[in-house]
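Read the structure below first, then the notes.
Number of protein chains: 2
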Amino acid sequence: MGKLLRQGDHVVGIDIGGTKIMAAVLNHRFEIMGRCRKKTRSKKEGQSTEERIFDVVAGALDEAGNPEIKGIGVGSPGPLDPATGVIIDTPNLNWKDFPLGEALGRRFGVPVAVDNDVNVGTYGEWCFGDVSDCADVLGVFPGTGIGGGVIVGGKLLHGFSGAAGEVGHMTIEVDGPYCGCGKRGCLEALASRIAIAKEVAALAARGDAPYIAENFGTDIANIRSGALAKAIEAGDAMVEDVVRRAAYYVGIAVANLINVLSPEAVVLGGGLVEAMESLFIEEATRAITDHAMPFLRKNVRLVPAKLGDDAVVLGAARMIAEKLAEQ
Amino acid sequence: MGKLLRQGDHVVGIDIGGTKIMAAVLNHRFEIMGRCRKKTRSKKEGQSTEERIFDVVAGALDEAGNPEIKGIGVGSPGPLDPATGVIIDTPNLNWKDFPLGEALGRRFGVPVAVDNDVNVGTYGEWCFGDVSDCADVLGVFPGTGIGGGVIVGGKLLHGFSGAAGEVGHMTIEVDGPYCGCGKRGCLEALASRIAIAKEVAALAARGDAPYIAENFGTDIANIRSGALAKAIEAGDAMVEDVVRRAAYYVGIAVANLINVLSPEAVVLGGGLVEAMESLFIEEATRAITDHAMPFLRKNVRLVPAKLGDDAVVLGAARMIAEKLAEQ
Chain C
759 MGKLLRQGDH VVGIDIGGTK IMAAVLNHRF EIMGRCRKKT RSKKEGQSTE ERIFDVVAGA
819 LDEAGNPEIK GIGVGSPGPL DPATGVIIDT PNLNWKDFPL GEALGRRFGV PVAVDNDVNV
879 GTYGEWCFGD VSDCADVLGV FPGTGIGGGV IVGGKLLHGF SGAAGEVGHM TIEVDGPYCG
939 CGKRGCLEAL ASRIAIAKEV AALAARGDAP YIAENFGTDI ANIRSGALAK AIEAGDAMVE
999 DVVRRAAYYV GIAVANLINV LSPEAVVLGG GLVEAMESLF IEEATRAITD HAMPFLRKNV
1059 RLVPAKLGDD AVVLGAARMI AEKLAEQ
Chain R
759 MGKLLRQGDH VVGIDIGGTK IMAAVLNHRF EIMGRCRKKT RSKKEGQSTE ERIFDVVAGA
819 LDEAGNPEIK GIGVGSPGPL DPATGVIIDT PNLNWKDFPL GEALGRRFGV PVAVDNDVNV
879 GTYGEWCFGD VSDCADVLGV FPGTGIGGGV IVGGKLLHGF SGAAGEVGHM TIEVDGPYCG
939 CGKRGCLEAL ASRIAIAKEV AALAARGDAP YIAENFGTDI ANIRSGALAK AIEAGDAMVE
999 DVVRRAAYYV GIAVANLINV LSPEAVVLGG GLVEAMESLF IEEATRAITD HAMPFLRKNV
1059 RLVPAKLGDD AVVLGAARMI AEKLAEQ
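The following block contains the structure:
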């Protein structure tokens, strides 16, 4: 791995999210030498998202002692074109056909690689997590939404559109609940943090989730992964039921993809899994046993993600390092 | 394509099915020079399936004028190990851990390549059909069962187990009807010829499918793809409803895989599609529009398979030709 970069080389990894932007400066061993994190929405009037990103990168470089950098890797919400670094449409960042890769390259004078944030996170977990010995890996990340990424034969799967891996928008219940994408019955509409919070808020309103009602109320914005974990620990049995059901749905989606992709390992990450790891692994395992073909599920490793919030910056750094090594 | 084999070279492709075995001898341009087809179950007492296969190959060689052959490619029901040519478990052929590749190699004295029949058929459609210019292709084949195959970056996807592509056993309705695999709600339990015939037999029994009742009765063994096509043509409206619903389910599975794999083309084949092509393409297109993400489904080509019964022998011949060229 050290061979990708030469001693003294540094690269930057950037994780662009709807609520926060993080950048990290990494040395040739992919150790984080400096980092900076800011809310995506700036308080400075008129500051564009790209200027905000430049600020965050500058902050990380400052913390690392301003080393010369060789390149920048970026994980960004999609859809985007990894070949050109153009963000095609991300309404909550106000980007439409925005050449993010070009903008960063011009500002910092180095090559830039841009890819979908969840794909980059999957790639990070694959390169630096517990599954780097597996050539075929599926990553599913249930949090506020549900993202996914696929490694086939040691390579991140992009597909024809460049945007493969939308595990969260597989239809799991044909006439199921409405999804943010406009469809119905998507995994994300059944098992994301928002989908769970919606059910739990109703439980709380009816008096069936006393710990949630007392400590977090009935506003789904406040019923976050940590709140759910605490409520389960405090004995809110129906909250546990709702979360287990969601985790089982995640497992059905994983089982479907085990049947089709036959991965060697499945990485489960995201806010929900970080907050309730054993519950998610348990229910997903149960669903995989119920819904995946015995021959295909045999010896498949189901592992929790281990990089947490650093998955995207690490994956992005590795991605640009590989691009540089190819050139 | 002609470069894989030299002028004068011949290879054999074999398609092993539960009801019939077909072998074809192909020249260096992959033109079929001789073929032979027999029922899988022999009338000769005590003849094993492998002896039956040897007979079929000998028959095809005879028809081609007994040229020297360079290798044999085989598509067989799985699960099997493509690396070793061992059939792991195929109850209806009486094979358990059977070294089919080795047996054929010993009998004919040439290299052998063995792979899953549906994967080989997908590969044939990819190499010789209408989608050979697409690097990422999904094949789904609804017939008596439902098989699938995936081409990623110009290569057949095998995955960790070697048996990737079990599209028919994706769960589409969580508590849906029982499937032959022992699970519930698989695509195959909702949309295969057997699943359709089961519903149509009940319609016929109740007087709701008069053409079927009069011409084919209520035995699902007789309600085959051609019978369904004729009944729809004759105006059995509820039969058409049932078939359209099944085709829509196939489209949901395709849509889910468009979201995850982002193929450039989807090939629909199998007995049901061959008998009712426009209906299947129409309903699958509707389901893809309803269930695939707009950015991922954009410009995806949905095409009917064109090789029919020859897909597996052609794919198998190409597979062994490539293996020979690599050596």
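The listed protein sequences correspond, in order, to chains C and R. Per this note's numbering, the first sequence runs over residues 759 to 1085. Per this note's numbering, the second sequence runs over residues 759 to 1085. For each residue, glycine too, the CB sits at the ideal point set by N, CA and C. Every value quoted in this text rests on a predicted model; they were computed, and no experiment measured them.
Where do the N-terminal and C-terminal ends of the alpha helix (DSSP H) with residue i fall, by residue?
i	result
methionine 1077/C	1069 to 1084
arginine 951/C	951 to 964
serine 1036/C	1035 to 1049
proline 1052/C	1052 to 1055
proline 968/R	968 to 973
Could you tell me the boundaries of the beta strand (DSSP E) in which residue i lies?
i	result
valine 895/C	895 to 900
methionine 780/C	778 to 784
lysine 941/R	Segment: none, lysine 941/R is in no beta strand (DSSP E) and carries neither H nor E.
valine 724/C	Only positions 759 to 1085 of chain C appear in the structure, and residue 724/C is not among them; the question remains open.
leucine 763/C	From DSSP, leucine 763/C is part of no beta strand (DSSP E); its letter is neither H nor E.
glycine 906/R	904 to 910
leucine 1065/C	Unbroken run through leucine 1065/C: none, as it is neither H nor E.
Based on Cα-Cα distance, which residue from the options lies nearest to residue i?
i	options	result
asparagine 1057/R	Lys854/C, Gly843/C, Gly766/C, Ser919/C	Ser919/C
glycine 833/R	Gly817/R, Ala921/R, Phe866/R, Gly912/R	Ala921/R
valine 1000/R	Ile981/R, Lys797/R, Ile1016/R	Ile981/R
lysine 778/R	Cys944/R, Leu851/R, Thr842/R	Leu851/R
glycine 1029/R	Gly912/R, Pro825/R, Leu1065/R, Asp820/R	Leu1065/R
lysine 801/C	Arg1059/C, Asp813/C, Val844/C, Gly792/C	Asp813/C
alanine 861/R	Ala822/R, Ile811/R, Pro825/R	Ile811/R
phenylalanine 788/C	Ile774/C, Asp773/C, Arg764/C, Glu931/C	Arg764/C
tyrosine 1007/C	Ala1033/C, Ala1050/C, Lys988/C, Ala971/C	Ala1050/C
glutamate 991/R	Gly843/R, Met1034/R, Cys937/R	Met1034/R
arginine 1002/C	Asn1014/C, Leu986/C, Ile1016/C	Leu986/C
lysine 854/C	Thr842/C, Gly863/C, Gly934/C, Pro837/C	Pro837/C
valine 908/C	Cys937/C, Asn877/C, Cys885/C, Gly882/C	Asn877/C
Counting only C-beta atoms, is residue i closer than 8 Å to chain C at any point?
i	result
proline 849/R	no
serine 834/R	no
serine 890/R	no
aspartate 1048/R	yes
serine 1020/R	yes
cysteine 794/R	no
proline 825/R	no
proline 837/R	yes
leucine 915/R	yes
valine 878/R	no
lysine 1056/R	yes
If we cut at 8 Å on Cβ distances, does residue i have a partner in chain R?
i	result
leucine 961/C	no
glycine 897/C	no
phenylalanine 1053/C	yes
asparagine 1014/C	yes
valine 1001/C	no
glutamate 931/C	yes
methionine 759/C	Unreliable placement is indicated for methionine 759/C, whose pLDDT of 47 sits below 50; the coordinate value is still reported in the next sentence. No, methionine 759/C does not count as interfacial toward chain R.
methionine 706/C	Beyond the ends of chain C as shown, which are 759 and 1085, falls residue 706/C; an answer cannot be given.
isoleucine 1010/C	yes
serine 919/C	yes
glycine 923/C	yes
leucine 1060/C	no
lysine 828/C	no
aspartate 894/C	yes
cysteine 939/C	yes
asparagine 874/C	no
valine 1024/C	no
valine 997/C	no
valine 844/C	no
Below 7 Å, is the gap between the Cβ of residue i and the nearest heavy atom of the ligand COA?
i	result
methionine 791/C	No copy of the ligand COA occurs in the structure displayed, which carries no ligand at all.
Jot down the residue ranges of each uninterrupted beta strand (DSSP E) in the stretch 846 to 883 of chain R, minimum 3 residues, whole runs only, in chain order.
-> Correct list: 853 to 857, 870 to 874.
Could you pull out every unbroken alpha helix (DSSP H) segment of at least 4 residues lying fully inside the stretch 978 to 1014 of chain R, listed in chain order?
-> Runs of the alpha helix (DSSP H) inside the stretch 978 to 1014 of chain R: 983 to 991.
Should the stretch 885 to 892 of chain C be regarded as contacting the stretch 885 to 903 of chain R, the criterion being three or more beta carbon pairs within less than 8 Å?
-> Touching, no.
Is the stretch 897 to 909 of chain R in contact with the stretch 924 to 940 of chain R, if contact means three or more CB pairs nearer than 8 Å?
-> At 8 Å Cβ cutoff, the stretches touch.
Evaluate contact between the stretch 860 to 875 of chain C and the stretch 825 to 841 of chain C, counting only Cβ atoms and requiring at least three cross-stretch pairs below 8 Å.
-> Short answer: they touch.
Are the stretch 996 to 1014 of chain R and the stretch 961 to 975 of chain R touching by the rule of at least three beta carbon pairs closer than 8 Å?
-> These segments touch.
Which residue spans inside the stretch 774 to 844 of chain C form an unbroken beta strand (DSSP E) run of at least 3?
-> The qualifying runs are 778 to 784, 790 to 797, 830 to 834.
Cβ pair count under 8 Å reaching 3, the stretch 947 to 958 of chain R against the stretch 1031 to 1051 of chain C | Output reads no: the stretch 1031 to 1051 of chain C does not touch the stretch 947 to 958 of chain R.
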